[in-house]
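*Asks:* Under this note's numbering, residues 91 to 335 are what the sequence shown spells out, in order. The beta-carbon is built from N, C-alpha and C at its ideal position, and this holds for glycine as well. First, the structure itself, so that you have it in front of you.
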Amino acid sequence: MQLFQVKNLFKNVDWVLLLSVLSICFAGLFTMNSFSSQSAFFDRQIIWIGVSTIVFFIASIVDWSFLKNSRVILTLFLISAGLLFLLFILGTVTKGAQSWFDFGAFSFQPVDPVKIVIILLLAKYFSRRHIDIANVRHILVSGAYVFIVFALVLLQPDFGSAIIIFFVWFGMVLVSGISKKHLFLVFLMGAITFGGLWLFAFKPYQKARIMTFLNPLTDIRGSGYNAYQSMIAIGSGQFFGKGIG
Numbered sequence: 091m092q093l094f095q096v097k098n099l100f101k102n103v104d105w106v107l108l109l110s111v112l113s114i115c116f117a118g119l120f121t122m123n124s125f126s127s128q129s130a131f132f133d134r135q136i137i138w139i140g141v142s143t144i145v146f147f148i149a150s151i152v153d154w155s156f157l158k159n160s161r162v163i164l165t166l167f168l169i170s171a172g173l174l175f176l177l178f179i180l181g182t183v184t185k186g187a188q189s190w191f192d193f194g195a196f197s198f199q200p201v202d203p204v205k206i207v208i209i210l211l212l213a214k215y216f217s218r219r220h221i222d223i224a225n226v227r228h229i230l231v232s233g234a235y236v237f238i239v240f241a242l243v244l245l246q247p248d249f250g251s252a253i254i255i256f257f258v259w260f261g262m263v264l265v266s267g268i269s270k271k272h273l274f275l276v277f278l279m280g281a282i283t284f285g286g287l288w289l290f291a292f293k294p295y296q297k298a299r300i301m302t303f304l305n306p307l308t309d310i311r312g313s314g315y316n317a318y319q320s321m322i323a324i325g326s327g328q329f330f331g332k333g334i335g
């Protein structure tokens, strides 16, 4: 009986995915440890890899079909929006952004699980309306859902996460089967939104980040430093690199 339970426990495990991720994690640890003999980040990463692996196995035996329920998805969305709103009251400011809940022993950034909720919400919405997806109303309604989260994240301000949320919606709209006419409307909406944010919402450092993303050479000692150093590293190491350390 116990043997059957163990087999059932591992039945749904994607071993290719697990071993691939663990290989990448251990390669990163090996590289990280070669940079310095003592690194707090190295020990911390080992702990979190262990915790994540345990969570992975627990998640593999959970029946996730309940996420197909519209009420469950809507509840998760409302909880997500509520958590993002509570950040403005109870959140801790870190590096200029009020995007973390600080519980002392650990901190929690709600925008990360919220991204998953947005994917689930959009997948549920588009799957139920795949027959009449050509109706432009579905683009507007799905966009309204995402805009609530997008605005709350942008106001923290967490520009990077807000852009990721926008592109999650944008990408899922593109593969939802909309018509070419409505596809043009999506691009137009994106251009108008970006223009409005550039003129009225983006702070100077956010504009600088976008400009250096397009051309890192514009500020190689400031916002473009990391991107420029990456180019130097790749050019110096070429295809095979320079070896560990």
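According to DSSP, is Ala187 part of a helix, a strand, or is it coil?
*Replies:* If DSSP states are grouped into helix, strand and coil, Ala187 belongs with the strands.
*Asks:* If you reduce the DSSP assignment to three classes, tell me which class Phe131 lands in.
*Replies:* If DSSP states are grouped into helix, strand and coil, Phe131 belongs with the helices.
*Asks:* Could you give the residue range of the alpha helix (DSSP H) that holds Leu168?
*Replies:* From DSSP, the alpha helix (DSSP H) with Leu168 extends over Ser160 to Leu180.
*Asks:* Give me the Cα-Cα distance between Ala298 and Lys270, rounded to the nearest whole angstrom.
*Replies:* Using only the alpha carbons, I get a separation of about 33 Å.
*Asks:* Taking Ser232 as part of the alpha helix (DSSP H), name the residues at either end of that continuous run.
*Replies:* Counting along the chain, the alpha helix (DSSP H) containing Ser232 begins and ends at Arg227 to Leu244.
*Asks:* Is the beta carbon of Phe337 sitting closer than 8 Å to the one on Gln188?
*Replies:* Because the chain spans 91 through 335 in this model, residue 337 falls outside it and cannot be assessed.
*Asks:* Quick check on the burial criterion: 16 or more other C-beta atoms within 10 angstroms. Buried or exposed for Pro200?
*Replies:* It counts as buried.
*Asks:* Cβ of Gln246 less than 8 Å from any chain D Cβ?
*Replies:* In summary, chain D is missing from the structure at hand, where a single protein chain is found.
*Asks:* Alpha carbons only, please: which of Pro203, Val265, Met301 and Ala117 is nearest the one belonging to Ile169?
*Replies:* Ranking Pro203, Val265, Met301 and Ala117 by Cα distance to Ile169 puts Pro203 first.
*Asks:* Going by C-alpha distance, which of Lys101, Gln135 and Gly285 is nearest Asp153?
*Replies:* Among Lys101, Gln135 and Gly285, the Cα nearest to that of Asp153 is on Lys101.
*Asks:* In the DSSP output, which residue or residues are listed as bridge partners for Phe198?
*Replies:* Beta-bridge pairing links Phe198 to Phe191.
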